[in-house]
Structures are given as structure tokens and as C-alpha cells.
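In my numbering, the protein residues as written are 2 to 693.
From the three backbone atoms N, C-alpha and C, an ideal C-beta is built for every residue, glycine too.
The model shown is predicted, which means the values in this text are computed figures rather than measured ones.
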């Protein structure tokens, strides 16, 4: 039976997905939430539903008979998503508010004309990319394929394995730091997804915790290279569910938007081909090994994070110009956003910029420019240029988020580091520290072949070369000699601790502890592994699926999808003038400040290095409502009180919360206290509240 070529199977799959997506968008209407005006009766609502073709009504409140604000919201599928129908629906006096509707363009957000349309076009573009990539073969890159693959490095499989370990460690830390605190009160609010399984999952916080534990366990397996591709695929599936829970809990997913997309785009990567437990087992079983293989299919893993980051930032720059035009730059839009986020900012430099129009214009242009050109780093041919561009263009943007907005989006840093670090050079520098040795072996003996395969499996850095003694007899090599287990351990870093112990035992017994090893060099000789018959680069060529992923990433930046997926539109708005900004009261902020010895000559501000402000604020709120303090908070407050008493006098154990109303002075470039109010004083010795 003749086997159908892979490119035709891929084309058939793309065509099937395209037709499925097109059929789904024609069949499945969009869903919106509508809050009806007060006094609208059931018959009136049903008449409006028929008039505007609203179906599958789902009540979002708790009591349909109650006419309060919280019980007038309904969720619908909109059969008629035409502009005229949506305009009439939004403008009718019976509709108080809507969710999922763009009131400027009168279009349904996240409806069938968004995600599934993009998926439809993505598959069509994927067919084109597949045609180009398969027409020129896996070893030839010309035309369109050369442009797309220009910056993808020829990465060795071993360097990819080293990157995999670091990538898994980064993800492990990020997920572990972002454990979810599930609030079941979401069931009483409007929900993003009308999916019962998500509601059921969130109603079981223990299952959410187990999901996170499973994600961490899968990352450990992925990092070690145990069932590598399966572990990564399962982690990606768990991450999709976890992100869905985040969205359903009305949590801002901008922190995870970039890394979530990056994880999904890296699914085609052959993660376990080298530097993994999977490869070790393959060598032990005498199967085909991937030693010395290099190619763009491996380099795709370190290139795609940069391409995703560049595409997202380019989409963000386009959003600013699309929504605000050149006024975002000429009006110095950054000054408005930095004033709004000033309470959380790490430095007050943004306030100085806000008070100087020329500086605001310069920084606005600088920000848009960096976002626009960062993607050029993804098309740099050499790793040195790629690293330099990533640092020069990407680092200022992420530092700006941290310094001027106070946000530490570690998953974004993970993506930048994954792209900017020269993993090949880093791996080679690390491998050069491992001694290289050439060992004689007798491949005619079954026991020697098993011994050779055993040590080849442990040789993750490929620093051991085994030479057949029969070949050595005819072609002698200067450094080839027989090595015992203690000598071979020199080239296996994982066994270095065991080697130290064995050397100590051998030295204690009065025996030699092994011969000195030559300086690290690339071993020469004949590899005892079976020949693969394929050139390394031929095996490591790109596939049509890589082109499809590139197309999908680009198409996702065309339009913002619901809940932060798609084009990044945050900070895209601006204001016509400072007066318009002030009229919206955005130049005002409320700040809570803590004082020791308030209203005394020794008054001084209290700033906690361990984040005790929330603990103190919650204690004042509970005591103000005459409620008891939880045991854990009581113990923490007593420890804090003892610390303060050791550092000062009795007045130091009393902390006063002062709430300040501040307004930004555009001339001085600072916030001025307009009014202040003493909320209360907490006595940490008696754990009592002293009212003002």
C-alpha cells in the first residue's frame, strides 16, 4: 500500500479544521450579557428578546423576582450580529448595560467573527506556508520560507535539552508562586464561560490545588526528560484548564498571556531528543541516538519565544496608534498612565516625566518604537546580534513596567530570557568543563557492548568516546586506553558525588585512585553506537506545522479577543488634554500610610519589609466591626508587636493608619495631600483598636 506523503495529510487536516471552524461560526451564535433597565417586566423582556433575536436566555442573578441591580442581568446567544441590530439593542432605553458588545463599532466581542474566523484564516495561511516549506525540501530555505526561518538558529539537540531543563525550572517557579486562591462566590456573579465543568471545578478548591500539583509534577518530569513530549503535552493541557479557571475567577491574565501562548507554540518541539532520560534509555537499549544532531527544528524552541514577544509588542504598538492615533505620542500618553499607576510604582521618576511635556513625548515615542522594532531581533542571523537586540530593545520595556507601573510579570521575563540567552554558547561553555575521554572497548564481547551502552547512556554531555580495540590495533590513537568505572565517572557530572565517595574508600584501602585525565578536548575515535544513516541536519529540518504556528501567532495579533487573549490593548488609550484627565478625577489617588507614635514629636513612618500592611489593615477592619481576630493573624500581630517593642519605646507598638486623599500637581511633578483621615490606631500589645 502506497503511503500518503505527510504534506498531503497536513493539507487535508488544515482543510478539515477550516471547514469545521467555518461551519461552527455559521452555526454557533455569539453570547452577550445584558442588564435590563429597572421596571422591565417579564413579558416586555421576552418581546425584546424576540425582536433582537436573543436566544438561550440564562439568568445571571439569584432571584428573578427581585428587581435589584444584581438580579437584572441575563446571558444570551445573539442570532443576528448585524451592525443595525446591535445598534438598536444598545440604544434601546430598556437596556441599561451590556457585556461582550463593542459600543463604538456595534459589534459582538468574541463572537463567531473573532476566534473561529481567525482560526479559519490561520488554517488557510498554514496551507500556504506548508506549500512553501514542503516545496523547497527540509534542507533548502528560499523565497518565503527563507524569510520566515531567517533567524531560527541551527541549535544542537544537546543545547535544546539544556534549555529544556532551565525552561522547566522557570515555569515551575512561576506556577508555584501563582497558586490560586479559589473564591466560590464567583457562582453568584456573572461568569465569563457558561461551562458547567469549570463551575464544578472551581466549586472544588481541592481539585484546583491538585491540578496545580499535577502541573508541578509534570514540569519535573519534563525537566528531567522522562516521557518528555507526553509530559509537556499534558502540562500544556493542564495549563489551558488553569488559565480558564483564572479567567472564570475574573483574574487579570495579562501576567500569563504571553507565557501561555509561548507554551502552546512550543508543542511541536522534539524536547526529548538529547540531554534527557528518554535519550539515556534509548542508548541503553542500543537504539538510534541523536548525538551531534543540530538544526532549525531544535533552534525553533529558543526562537519562538522571541517571535511571540515581538508579535505581541508589535500588536500593542499598533493598538496604540489605532485607538489614539499619533496623539498617543504627541500628547505624551505615558504621563497619564504613569500618574494613574504612581501609587504602585517603584520610583517617582514617572511623575517628573509627567510634569515635563517634552519628556513625556520622548518617552511615549521611545516606548512605541521599542515595541515596534523588537520583532527585528527574531530575524537576526547570529546569536550575538539576537542577544544584543533582545537586551537593548526588550529589557527597557519590562523594566519600565516594573519601575513605572509596579508590575513584576515574571512570566514575561521568562519569555525574554528564553529568547535572549545564547543557549548554544552557554551549553558549550558548561560542557567544556567536563573532561573528555577516549576509552578502548571490545565490541566483539556482549558484556563489553552492554557496558559501553550503559556509560553512553549516562554520558549526557557527550564527552566519552568509545573505540573498538580491533580498530585501535590497526589505527592507534594516542589518547585511547582502557578506563575503569572510577575514571569514566569523571565525564559524568551526575556521578561526581559518588566518585568522591568511592575515591575516598579506595584511598583508604591503599589503592590507586585513578589516572589523571587530559585537558578537556573533543574526543576522537569511532563511536560504538549504530549508524543512523541520515545526516543530522536532514533529520532536524522544519516541518509545515512550524509554519502554521507562526501564522497563528501573527493572526492572533489582528484583533483583541475576550479576556485578554489576542492583541494586547492595555495602555492604548490617551486623553485629549490634562484638563480632560483631571475632569475624570484620574489625577487623584487614595494612599494608606502607617505611622509609629502618630501625633507625637517622635512620629515616624512605618514601612514593612515583609508586607505586613495587609495584615494590619485587615485587623483594623475586623476590630472596627467588633469581630474576633483569627488565631493565625493574632500570632502574627503579636510577633510584629514584640519586634517593634525591641526596636523602640512603648509608643512604637502602636500603629496608626492614616488615609490620605492626594491630587497630582502637574507643575511640581508630585502628589499633594488634599485631605487626610485617621482610620484608627492598632495597639499591638493588647491587640485592641483605639478609635480616633
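Please say whether residue 308 and residue 346 have beta carbons closer to each other than 7 angstroms? For this step, residue 346 is matched to residue 345 along the chain shown. For this step, residue 308 is matched to residue 307 along the chain shown. No. Outside cutoff.
Based on Cα-Cα distance, which residue from 332, 409 and 300 lies nearest to residue 384? Here residue 384 refers to the residue found at position 383 when the chain shown is read from its first residue. Comparing Cα positions, the closest option is 300.
6 angstroms Cβ shell around residue 1 - same chain, five flanking residues per side excluded: Look at the range of the chain in this structure, 2 to 693, and you will see that residue 1 is not part of it.
For residue 78, which option in 35, 316 and 98 has the closest C-alpha, if you only look at C-alpha atoms? As a first step, residue 78 is located in the chain shown; it is residue number 77 there, counting from the start. Taking only the C-alpha atoms, the option nearest residue 78 is 35.
When you compare each of 37, 39, 670 and 689 to residue 357 by their alpha carbons, which one comes out closest? Taking the first residue of the chain shown as position 1, residue 357 is located at position 356. Residue 670 is the option with its Cα nearest to residue 357.
Applying the 10 Å Cβ sphere with the 16-neighbour rule, what's the burial state of residue 495? Your numbering for residue 495 matches position 494 in the chain shown. Exposed, because fewer than 16 other Cβ atoms sit within 10 Å of the Cβ of residue 495.
With a Cβ-Cβ cutoff of 7 angstroms, do residue 97 and residue 38 count as a contact? Walking along the chain shown from the start, residue 97 turns up at place 96. Walking along the chain shown from the start, residue 38 turns up at place 37. Contact flag set, yes.
Starting from residue 233 and walking both ways along the alpha helix (DSSP H), at which residues does that stretch end? Residue 233 sits at position 232 when you count from the first residue of the chain shown. That run of the alpha helix (DSSP H) goes 229-249.
Under a Cβ-count criterion, where at least 16 other Cβ atoms within 10 Å of its own Cβ denotes burial, should residue 601 be classed as buried or exposed? In the chain shown, the residue the question calls residue 601 occupies position 600. Taking every protein chain shown into account, the CB of residue 601 has fewer than 16 other CB atoms within 10 angstroms, so this residue is exposed.
Same chain, Cβ closer than 8 angstroms to residue 673, five either side skipped, listed in chain order: Locating residue 673 in the chain shown gives position 672, counting from the first residue. Counting only Cβ-Cβ distances below 8 angstroms, and skipping sequence neighbours, we find 663, 664, 665 and 666.
Out of 401, 172, 231 and 369, state which residue places its alpha-carbon closest to the alpha-carbon of residue 570. As a working note, residue 570 is residue 569 in the chain shown. Checked all of 401, 172, 231 and 369; the closest Cα to residue 570 is 369.
Within this structure, are the beta carbons of residue 395 and residue 417 separated by less than 7 angstroms? Start at 1 with the first residue of the chain shown, and residue 395 comes out as number 394. Start at 1 with the first residue of the chain shown, and residue 417 comes out as number 416. In this structure, residue 417 lies closer than 7 angstroms to residue 395 by Cβ.
Residue 1 (DSSP reduced to helix, strand or coil): Residue 1 cannot be examined here, being either before or after the span of the chain that is shown, 2 to 693.
Who pairs with residue 672 in a beta bridge, going by DSSP? The residue you call residue 672 lines up with position 671 of the chain shown. Paired residue(s): 665.
How is the beta strand (DSSP E) around residue 466 delimited, first residue to last? Here residue 466 refers to the residue found at position 465 of the chain shown. For residue 466, the enclosing beta strand (DSSP E) covers residues 465-469.
One or two residues paired with residue 388 in a DSSP bridge: Within the chain shown, numbered from 1, the residue matching residue 388 stands at position 387. In the DSSP output, where bridge partners are listed per residue, residue 388 has none listed.
Given residue 349, which residues of its chain have a CB within under 8 angstroms of its CB, disregarding the five upstream and five downstream residues? Mapped onto the chain shown, residue 349 falls at position 348. Around residue 349: 343 and 671.
Please return the same chain residues whose Cβ sits closer than 8 angstroms to the Cβ of residue 687, not counting the five positions on each side in sequence. To locate residue 687, count along the chain shown from 1; it is residue 686. There are no such residues.
Report the partner residues of residue 401 according to the DSSP bridge assignment. Along the chain shown, one-based indexing puts residue 401 at 400. For residue 401, which the question treats as bridged, DSSP gives no partner whatsoever.
Helix, strand or coil for residue 697 per DSSP? The structure shown does not extend to residue 697, since the chain is modelled only from 2 to 693, so the question has no answer here.
Suppose the cutoff is 7 angstroms on Cβ atoms and the five residues either side in sequence are ignored; what does the same chain contact list for residue 387 look like? By one-based count along the chain shown, residue 387 stands at place 386. The answer, listed in chain order, is 152, 378 and 381.
DSSP has residue 408 in a bridge; who is on the other side? Taking the first residue of the chain shown as 1, we reach residue 408 at position 407. According to DSSP, which records beta bridges pairwise, residue 408 is partnered with nothing at all.
For residue 277 versus residue 162, is the C-beta spacing smaller than 7 angstroms? Mapped onto the chain shown, residue 277 falls at position 276. Mapped onto the chain shown, residue 162 falls at position 161. It is a contact, given that the beta carbons lie within the stated cut-off.
Reference residue 266; option with closest CA among 329, 579, 546 and 54: Taking the chain shown and counting its residues from 1, one reaches residue 266 at position 265. Taking only the C-alpha atoms, the option nearest residue 266 is 546.
Have a look at residue 444 and residue 507 and give me their C-alpha separation to the nearest angstrom. For the purposes of this step, residue 444 is taken as residue 443 along the chain shown, with counting starting at 1. For the purposes of this step, residue 507 is taken as residue 506 along the chain shown, with counting starting at 1. If you draw a straight line from the Cα of residue 444 to the Cα of residue 507, it comes to about 29 angstroms.
With residue 596 as the anchor, note down where its alpha helix (DSSP H) starts and where it stops. Position 595 of the chain shown, counting from 1, holds the residue named residue 596. No alpha helix (DSSP H) contains residue 596, which is instead part of the beta strand (DSSP E) from 589-597.
Can you tell me the Cβ-Cβ gap for residue 440 and residue 465, rounded? I've got them flagged as a contact below 8 angstroms. Here residue 440 refers to the residue found at position 439 of the chain shown. Here residue 465 refers to the residue found at position 464 of the chain shown. Sure, about 6 angstroms apart at Cβ, within 8 angstroms.
Enumerate, from N- to C-terminal direction, the unbroken alpha helix (DSSP H) stretches of 4 or more residues contained entirely within the stretch 294-357. 297-325, 328-331, 335-341 and 350-355
Three-state secondary structure (DSSP) at residue 164? As a first step, residue 164 must be located in the chain shown, where it is residue number 163. The answer is helix: DSSP assigns residue 164 an H, G or I state.
CB-CB under 7 angstroms to residue 321, same chain, minus the five flanking residues each way: which ones, in chain order? By 1-based counting over the chain shown, the position of residue 321 is 320. Contacts found: 329, 369 and 573.
Among the residues of its own chain, which have a CB less than 6 angstroms from the CB of residue 360, if the five just before and after it don't count? As a working note, residue 360 is residue 359 in the chain shown. Only 354 meet the Cβ criterion.
Rounded separation between residue 420 and residue 217 - CA only: If you number the chain shown from 1, residue 420 lands on position 419. If you number the chain shown from 1, residue 217 lands on position 216. Rounded to the nearest angstrom, the two C-alpha atoms are 23 angstroms apart.
By the DSSP assignment, the alpha helix (DSSP H) with residue 71 in it spans what residues? Within the chain shown, numbered from 1, the residue matching residue 71 stands at position 70. From DSSP, residue 71 is part of no alpha helix (DSSP H); its letter is neither H nor E.
DSSP three-state label for residue 4, please. The residue you call residue 4 lines up with position 3 of the chain shown. With a pLDDT of 45 at residue 4, under the threshold of 50, the modelled position of that residue is not reliable, and no figure is offered here.
Closest by CA to residue 298, which one among 269, 325, 306 and 316? Working through the chain shown from its first residue, we reach residue 298 at position 297. Checked all of 269, 325, 306 and 316; the closest Cα to residue 298 is 269.
Is it buried or exposed for residue 425, if we count other Cβ within 10 angstroms and need 16 for buried? Here residue 425 corresponds to residue number 424 of the chain shown, with the count starting at 1. Answer is buried; the Cβ neighbour count reaches 16.
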